[in-house]
Amino acid sequence: MTLENLTINEPDWFVQRRLAALDSFEKLSLPTIQRFDFHNWQLTPPTETIIKTNVASRDDYILMDLFAALNEYPDLVQKYLYTVIKADENKLAAYHVAFVNQGAFLYVPKNTVVEKPIELEFQQDSSQPFVSHVLVVAGENSKFSLIQKTTTKGDQKSVANCVVEIKALANSEVKYAAVDELGQNVTSYLSRRADVGQDAYVDWSIGLMNEGNTVADFDTDLKGTGAHSEIKVVDITAGKQLEGVNTRVTNYGKRTIGNINQRGVITDHSRLIFNGIGHIIKGASGANAEQQNRVLMMSSHAHGDANPILLIDENDVLAGHAASVGQVDQNQLYYLMSRGLDKKTAQRMVIRGFLGDVLVSIPSKAIREQLVQTIERKLANGQAVSENS
Numbered sequence: 001m002t003l004e005n006l007t008i009n010e011p012d013w014f015v016q017r018r019l020a021a022l023d024s025f026e027k028l029s030l031p032t033i034q035r036f037d038f039h040n041w042q043l044t045p046p047t048e049t050i051i052k053t054n055v056a057s058r059d060d061y062i063l064m065d066l067f068a069a070l071n072e073y074p075d076l077v078q079k080y081l082y083t084v085i086k087a088d089e090n091k092l093a094a095y096h097v098a099f100v101n102q103g104a105f106l107y108v109p110k111n112t113v114v115e116k117p118i119e120l121e122f123q124q125d126s127s128q129p130f131v132s133h134v135l136v137v138a139g140e141n142s143k144f145s146l147i148q149k150t151t152t153k154g155d156q157k158s159v160a161n162c163v164v165e166i167k168a169l170a171n172s173e174v175k176y177a178a179v180d181e182l183g184q185n186v187t188s189y190l191s192r193r194a195d196v197g198q199d200a201y202v203d204w205s206i207g208l209m210n211e212g213n214t215v216a217d218f219d220t221d222l223k224g225t226g227a228h229s230e231i232k233v234v235d236i237t238a239g240k241q242l243e244g245v246n247t248r249v250t251n252y253g254k255r256t257i258g259n260i261n262q263r264g265v266i267t268d269h270s271r272l273i274f275n276g277i278g279h280i281i282k283g284a285s286g287a288n289a290e291q292q293n294r295v296l297m298m299s300s301h302a303h304g305d306a307n308p309i310l311l312i313d314e315n316d317v318l319a320g321h322a323a324s325v326g327q328v329d330q331n332q333l334y335y336l337m338s339r340g341l342d343k344k345t346a347q348r349m350v351i352r353g354f355l356g357d358v359l360v361s362i363p364s365k366a367i368r369e370q371l372v373q374t375i376e377r378k379l380a381n382g383q384a385v386s387e388n389s
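If you're matching positions, the sequence shown starts at 1 in full-length UniProt numbering and goes up one per residue.
1. Find the nearest neighbour of His39 within the set Gly244, Pro74, Val97 and Tyr73, judged by alpha-carbon distance.
2. Output the boundary residues of the beta strand (DSSP E) element that contains Tyr95.
3. Taking the CB atoms as reference points, tell me whether Ser188 and Cys162 lie closer together than 8 Å.
4. Kindly provide the ranges of any beta strand (DSSP E) runs that are 3 or more residues long and lie completely inside the region 99-164, ordered along the chain.
5. Give the DSSP-derived three-state secondary structure of Trp41 in the structure shown.
6. Quick check on DSSP: helix, strand or coil for Glu72?
7. Per DSSP, Met297 is paired with what?
8. Where does the unbroken alpha helix (DSSP H) through residue 396 begin, and where does it stop?
9. Using 8 Å as the threshold, is the region 219-234 in touch with the region 201-210, meaning 3 or more CB pairs across them?
10. For the pair the region 248-263 and the region 116-123, tell me if three or more CB-CB distances fall below 8 Å.
11. Report all residues from its chain with a CB closer than 6 Å to the CB of Val265; omit the five preceding and five following residues, and keep chain order.
12. CA-CA distance, Val174 and Val84?
13. Are there three or more Cβ pairs, one per stretch, closer than 8 Å when the region 323-336 is compared with the region 158-172?
14. Can you list, in chain order, the residues of its chain whose CB lies under 6 Å from that of Arg248, leaving out five sequence neighbours each side?
15. Can you find the residues in the same chain that come closer than 8 Å, C-beta to C-beta, to Leu355, ignoring five residues on each side of it along the sequence?
16. Might you give, ordered along the chain, the residues of its own chain that have their beta carbon closer than 6 Å to the beta carbon of Asp65, omitting 5 neighbours on each side?
17. If Leu333 and Ala346 are in contact, beta carbons under 8 Å, what's the gap, nearest whole angstrom?
18. Rounding to the nearest angstrom, what Cα-Cα distance links Arg339 and Gln330 in this structure?
19. Applying the criterion that 16 or more other CB atoms from any shown protein chain within 10 Å of the CB defines a buried residue, is Gly353 buried or exposed?
20. Hey, which unbroken runs of the beta strand (DSSP E) at 3 residues or more fall wholly within the region 191-223?
21. Quick one: what's got a C-beta closer than 6 Å to Ala177's C-beta in the same chain, skipping five residues either side?
22. Suppose you measure from the CA of Ser288 to the CA of Val196; what does that come to, to the nearest Å?
23. For Thr225, which of Gly286, Gln184, Arg193 and Asn213 has the nearest alpha-carbon?
24. Is it true that the CB of Ala21 sits closer than 8 Å to the CB of Ala69?
25. Count the other CB atoms within 10 Å of the CB of Leu371; is the residue buried (16 or more) or exposed (fewer)?
26. Just to confirm the assignment, what range does the alpha helix (DSSP H) spanning Ala177 have?
So this is what it looks like as structure tokens:
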């Protein structure tokens, strides 16, 4: 692998990080997703093209293309870039840092409240690898919402490696919502990370609506005293799709709160693995870690796992989990069909009810509506609802 044209017009410190990541790439292992093997997937093709992101700053915050920010705000970007995700933590992280070719930088200064949601949209061109990085910095006492949508143009076989890192400084509030709709021929690795400071709050709302094979790693570190995070994941798989999702919260600070709520619907011959990981570090007294991982199987050919994992190294804490994997309730279907609904419509209503608990908890009305529309589209295409046989 070589970097070739990627390093043109980039500051030296950024080029050195690329080179160091490339040097460590071969020595590192792939990340671990419990009960999910993706080692034979092609996830690391080289890329040489930089793609600009069309975003613009406003008076009260900075939002711009990552590569433009490298030159316009070098000190600010260098201070925070790759502080939440590290290039040497695994092979896919090293590949990302070495070959990142698209991205955005969002900086909301101290004491700034942005009332209107900030929107960010990426469209992958399937003719080349898509290696995107979104760096979000929330200054002290800032408050804002960010909505990100990612789609694919074209139907060529391709790879996506997408990272979001959020640095939430003291007493900030970040509501991040995403709808991922990468194409059927796109094999993707999604990593979303947050470092949450004292009394800061990060709310994640993620709709995994990809059509291709996906491995996802969502990780929140509650570093400061009183840090709080809510993570909601909604996922629908179809066809022969394979998806493995790690969602992890690590409580480092005292009186920190981390809640995970994951709901997945699997159809046809697809497979979905949810791993919910709550880790309370020694010294994090008064911490609270709760999680729910639930999977609904709409086909007897589908396979799902919901694995709650609690790692508790402190005594004065609250922690709990719930997990379930099961077929659709035939009594519910019978009741709905007895009221005149056909089977597919009844199945779609059961699915909407199953996902509703997570959807209603998403704070952004815009992302709720967008997710509902995407779910309806997937369920209406004939492939998303399968026979239980």
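For glycine and all other residues, C-beta sits at the position ideal for the given N, C-alpha and C.
Let me lay it out:
1. Residue numbering aside, residue 39 sits at position 39 when the sequence shown is read from its first letter. For the residues Gly244, Pro74, Val97 and Tyr73, the minimum Cα distance to His39 belongs to Gly244.
2. Reading the sequence shown from its first residue, position 95 is the one you call residue 95. Per DSSP, Tyr95 belongs to no beta strand (DSSP E); it is in the alpha helix (DSSP H), Lys91 to Phe99.
3. One-based indexing of the sequence shown puts residue 188 at position 188. One-based indexing of the sequence shown puts residue 162 at position 162. Their beta carbons are under 8 Å apart, which means Ser188 touches Cys162 by this criterion.
4. Taking only runs of at least 3 residues, the beta strand (DSSP E) segments lying wholly in the region 99-164 are 102-108, 118-125, 130-138 and 143-153.
5. Along the sequence shown, read from residue 1 onward, the residue named residue 41 stands at position 41. Residue state, collapsed to three classes: coil.
6. Looking up residue 72 in the sequence shown gives position 72. Three-state DSSP puts Glu72 in a helix.
7. The count along the sequence shown starts at 1 and reaches residue 297 at position 297. Looking at the DSSP assignment, Met297 forms a beta bridge with Ile266 and Gln327.
8. Lying outside 1 to 389, the shown extent of the chain, residue 396 is not represented and no answer is given.
9. As far as the Cβ criterion goes, the region 219-234 touches the region 201-210, which means the pair count is three or higher.
10. Cβ pair count under 8 Å is below three, so no.
11. In the sequence shown, the residue the question calls residue 265 occupies position 265. Only residues of its own chain outside the window of five on either side were considered, and among them Ile236, Leu296 and Ile351 have a CB closer than 6 Å to the CB of Val265, listed in chain order.
12. Mapped onto the sequence shown, residue 174 falls at position 174. Mapped onto the sequence shown, residue 84 falls at position 84. Near 15 Å, if we compare the C-alpha coordinates of Val84 and Val174.
13. Verdict: no, contact absent.
14. Looking up residue 248 in the sequence shown gives position 248. Contacts found: Asp219 and Ile277.
15. Translated into positions along the sequence shown, residue 355 becomes position 355. Excluding sequence neighbours, Leu355 sits near Val234, Arg263, Val265 and Ile375.
16. Against the sequence shown, residue 65 aligns to sequence position 65. Lys52 and Thr53, listed in sequence order.
17. Counting from 1 along the sequence shown, the entry for residue 333 is found at position 333. Counting from 1 along the sequence shown, the entry for residue 346 is found at position 346. Confirmed, about 5 Å.
18. Along the sequence shown, one-based indexing puts residue 339 at 339. Along the sequence shown, one-based indexing puts residue 330 at 330. Straight-line Cα distance between these residues: approximately 14 Å.
19. The residue you call residue 353 lines up with position 353 of the sequence shown. Using a 10 angstroms sphere on the CB of Gly353, the tally of other CB atoms stays under 16, which defines it as exposed.
20. Within the region 191-223, the complete beta strand (DSSP E) segments of 3 residues or longer fall at 201-208 and 214-222, listed in chain order.
21. The sequence position of residue 177 within the sequence shown is 177, counting from 1. Result list for Ala177: Ile147, Ser205, Ser364 and Ile367, in chain order.
22. The residue you call residue 288 lines up with position 288 of the sequence shown. The residue you call residue 196 lines up with position 196 of the sequence shown. One detail in the question is off: residue 288 reads as Asn in this sequence, not Ser. If I take the Cα positions, the gap works out to 15 Å.
23. What you label residue 225 is simply residue 225 of the sequence shown in a count that begins at 1. Distance from the Cα of Thr225 is smallest, within the candidate group Gly286, Gln184, Arg193 and Asn213, for Gly286.
24. Walking along the sequence shown from the start, residue 69 turns up at place 69. Walking along the sequence shown from the start, residue 21 turns up at place 21. No, these two residues do not count as a Cβ contact at 8 Å.
25. Locating residue 371 in the sequence shown gives position 371, where the first residue counts as 1. With 16 or more Cβ atoms within 10 Å of its Cβ, Leu371 is classed as buried.
26. Within the sequence shown, numbered from 1, the residue matching residue 177 stands at position 177. From DSSP, Ala177 is part of no alpha helix (DSSP H) but of the beta strand (DSSP E) over Glu173 to Glu181.
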